[in-house]
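Before any comments, here is the structure.
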Amino acid sequence: MESLLEEPFMSQYIGEVLNLPPLLRAVAHWKNECLLKNRSIFSKKKLWTTKNVNILLELYVNNPDESNKDFFEKLKGQLGVNYPDVICLVAEMMWILLLPSINITERTKIENIAQVWEWSGSPFNKVHNLLSDETLAGYANTSIGYNTNRWRELSYLIEITGKLLSLPLAARNKVLNDGWELAYWLEKTPESRRRQFRHILLYLLFPDDFERITSGVHRLKIVSTFDNVAVKNLRKMELWKIDRRLLAIRKQQEQILGTTKIDFYQDPLHDIWHIKKKSSAIDIAPQIIKKEEARVNAINNDKKINKKIKEQMIYARQGHGIYRRKLAEVEKICRITGVQDTRFLTASHIKPWRDCDTHNECLDGNNGLWMSPHLDRLFDQGWISFNDDGDLLFTDEIVMNVLSVWKIKLPVNIGTLNKLQRSYMLYHRKYVYKNGDA
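The sequence shown begins at 1 in UniProt numbering and counts up by one.
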């Protein structure tokens with residue numbers, strides 16, 4: 001494994017921030033060991049076998065759990081305890097499913113994989129080449145949909161793995177060593193049209209022929225924009241034909257721009273096709289100002305609030321007075337930059353001041369985080385948010401690049417939020433964050 005990871009690997013340009021070769025070398029090793037030799041990447045066992053996959057089909061794919069339990073609770077119950085090798089196989093499948101996501105931290109990925117593996121009764125070695133930060137860094141914001149549909153993506157991976165392993169070795173080699181053969185072959189599985197992992201697998205194995213785009217919607221938008229074809233017509237096309245069009249568009253744009261260093265999630269290409277559903281920062285700022293002016297007027301005109309409380313509420317928007325003191329009782333530093341001197345930090349409301357329903361919400365120290373001013377702007381205008389585990393969420397690659405310029409190393413986790421903070425953060429994700437309820 002060590003020698004394989006040292007070999008060079010050609011890949012497409014995806015910006016100056018992301019380091020793709022370690023991930024692609026790891027995937028090449030996975031393909032060789034697991035899909036061609038039926039072995040394992042984390043043990044000396046033979047895990048990727050037709051027998052194990054068939055058992056998994058019965059335990060998981062054909063035995064859905066429709067309860068309200070979370071993904072891992074359901075998975076553990078479905079797998080049971082009678083097939084430890086099958087459990088280890090699922091853990092390795094989790095590894096490949098989690099690889100692309102930049103919006104899931106390396107630590108969380110390792111914990112998820114280890115959790116499943118250890119259900120088998122065997123310990124899991126968390127110190128491994130395939131679990132390095134470089135390998136697990138990811139290359140795409142796989143969105144909330146990929147996570148909420150994780151069970152569907154896993155079912156799809158199980159299904160196509162079973163079909164692959166049932167092929168004679170010569171036919172399997174042909175499919176796995178030619179990207180277009182694999183694309184044609186995947187077309188035979190109807191679920192490919194609905195699963196992001198279809199696009200992920202093709203890119204991971206053949207990054208010079210396929211794009212890193214995991215979103216089916218984005219694929220259609222790009223082709224529609226550059227080829228001037230209606231999206232409704234593109235939806236009728238085979239998936240591999242969309243891939244061919246994307247490759248042709250890339251080559252055309254390389255000629256026009258005079259460089260191979262282009263990416264559909266980087267400008268200038270991103271700016272051409274990406275139609276934002278919500279207003280840009282330039283558009284939204286006047287809306288915020290107007291809303292805050294209306295809020296100030298409403299406070300001043302409210303006869304039920306005494307003068308002192310009115311002053312405190314208005315000062316709270318500016319990060320002054322009692323709100324700042326109450327925030328200091330809950331938070332001590334900017335959790336992203338680590339700056340501790342609050343003279344240089346903004347007292348940033350989680351549920352925006354302009355949206356607070358009561359003076360208690362305006363002044364609640366739990367309704368806030370200390371933020372360095374540049375980060376406060378992104379947070380206040382909905383370009384970033386945080387999930388309940390403290391993972392930083394961001395809307396798109398443009399924001400990711402801004403964070404990189406500011407020397408903020410992704411992924412970011414700010415640690416635990418208390419119960420009230422999580423409640424306010426839920427509001428922020430649902431009504432402020434530009435990607436909606438993530």
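The C-beta atom is built at its ideal place from N, Cα and C for all residues, glycine as well.
These numbers come from a predicted model, not from an experiment.
Open item on the list: Going residue by residue through the stretch 191-241, where are the continuous alpha helix (DSSP H) segments of at least 4 residues, counting only ones entirely within it?
Closed with: Qualifying alpha helix (DSSP H) stretches, in chain order: 196-205, 216-227 and 231-234.
Task: Cβ-Cβ separation, tryptophan 383 to alanine 347 (assumed contact under 8 Å), whole Å - done: Not a contact, Cβ separation roughly 19 Å.
Open item on the list: Assess contact between the stretch 168-185 and the stretch 34-44, defined as three or more Cβ pairs (one per stretch) separated by less than 8 Å. Is contact present?
Closed with: yes
- [ ] Counting only the same chain and skipping the five closest in sequence on each side, list residues whose C-beta sits under 8 Å from that of isoleucine 262.
- [x] Tyr13, Arg250, Gln253, Glu254 and Leu269
Task: Local Cβ density within 10 Å of threonine 142, reported as buried at 16 or more and exposed below that - done: buried
Open item on the list: Using the three-state DSSP reduction, which class does threonine 346 fall into: helix, strand or coil?
Closed with: strand
TODO: To the nearest angstrom, report how far apart isoleucine 256 and cysteine 362 are at their CA atoms.
DONE: Distance between the alpha carbons of isoleucine 256 and cysteine 362 is about 52 Å.
TODO: State whether the stretch 152-163 contacts the stretch 50-59, with contact taken as three or more CB pairs (one from each stretch) at a distance under 8 Å.
DONE: yes
Open item on the list: I'd like to confirm the pairing. Which residues does DSSP put opposite serine 166 in its beta bridges?
Closed with: In the DSSP output, where bridge partners are listed per residue, serine 166 has none listed.
- [ ] Compare the Cα-Cα distances from glutamine 266 to each of Ile213, Ile41, Val229 and Val432 and report the closest residue.
- [x] Ile213
Open item on the list: Give me the residue from Lys188, Ser215, Glu181 and Trp185 with the minimum Cα distance to phenylalanine 197.
Closed with: For the residues Lys188, Ser215, Glu181 and Trp185, the minimum Cα distance to phenylalanine 197 belongs to Ser215.
Task: Cα-Cα separation between valine 81 and tryptophan 119, rounded to whole angstroms - done: 8 Å
Task: Secondary structure of cysteine 362, DSSP reduced to three states - done: Per DSSP, reduced to three states, the secondary structure at cysteine 362 is helical.
Open item on the list: To the nearest angstrom, how far is the alpha carbon of asparagine 367 from that of asparagine 435?
Closed with: 21 Å
Task: Paired residues, beta bridge with alanine 28 - DSSP - done: Partner residues in a beta bridge of alanine 28, as assigned by DSSP, do not exist.
TODO: Say whether the stretch 384-391 touches the stretch 407-425, bearing in mind that this needs 3 or more beta-carbon pairs closer than 8 Å, one atom from each stretch.
DONE: yes
Open item on the list: Measuring straight from C-alpha to C-alpha, what distance separates glutamate 181 and threonine 50?
Closed with: 21 Å
Open item on the list: Short of 8 Å in beta carbon distance, which residues of its chain neighbour glutamine 400, apart from the five on each side in sequence? Order them along the chain.
Closed with: Looking at the sequence itself, residue 400 is methionine, so the reference to glutamine does not match. The residues Val17, Ile102, Asn141, Phe394 and Leu410, in chain order, have a CB closer than 8 Å to that of methionine 400 in the same chain once the five nearest residues on each side in sequence are set aside.
Open item on the list: Whole angstroms are fine: how far does the CA of aspartate 208 sit from the CA of leucine 186?
Closed with: Here the C-alpha atom of leucine 186 lies approximately 18 Å from the C-alpha atom of aspartate 208.
- [ ] Would you mind giving the Cβ-Cβ distance between leucine 131 and isoleucine 110, rounded to the nearest angstrom? I have them listed as a contact below 8 Å.
- [x] In this structure leucine 131 touches isoleucine 110 by the C-beta definition: roughly 5 Å separates them, less than 8 Å.
- [ ] Over the uninterrupted beta strand (DSSP E) stretch that includes glycine 368, give me the two end residues.
- [x] 368-371
Task: Sequence-distant residues of its chain with Cβ nearer than 6 Å to tyrosine 60 (five each side left out) - done: Gln78
Task: Neighbour-count burial assignment, aspartate 376, 16 or more Cβ in a 10 Å radius - done: Counting Cβ neighbours within 10 Å, aspartate 376 comes out buried, since at least 16 surround it.
- [ ] Go through its chain and collect everything with a Cβ distance to histidine 374's Cβ below 7 Å, but skip five positions before and after it.
- [x] Trp406
- [ ] Drop a sphere of 10 angstroms on the beta-carbon of glycine 258, count the other beta-carbons inside from all chains shown, and report buried for 16 or more, exposed for fewer.
- [x] exposed
Open item on the list: Suppose you measure from the CA of arginine 194 to the CA of arginine 235; what does that come to, to the nearest Å?
Closed with: 12 Å
Task: Collapsed DSSP secondary structure at isoleucine 282 in the structure displayed - done: Residue confidence is low: isoleucine 282 scores 39 on pLDDT, short of 50, so the model does not pin down where it sits. No coordinate-derived value is stated.
Open item on the list: Using DSSP's beta-bridge definition, name the partner residues of aspartate 391.
Closed with: Beta-bridge pairing links aspartate 391 to Asn413.
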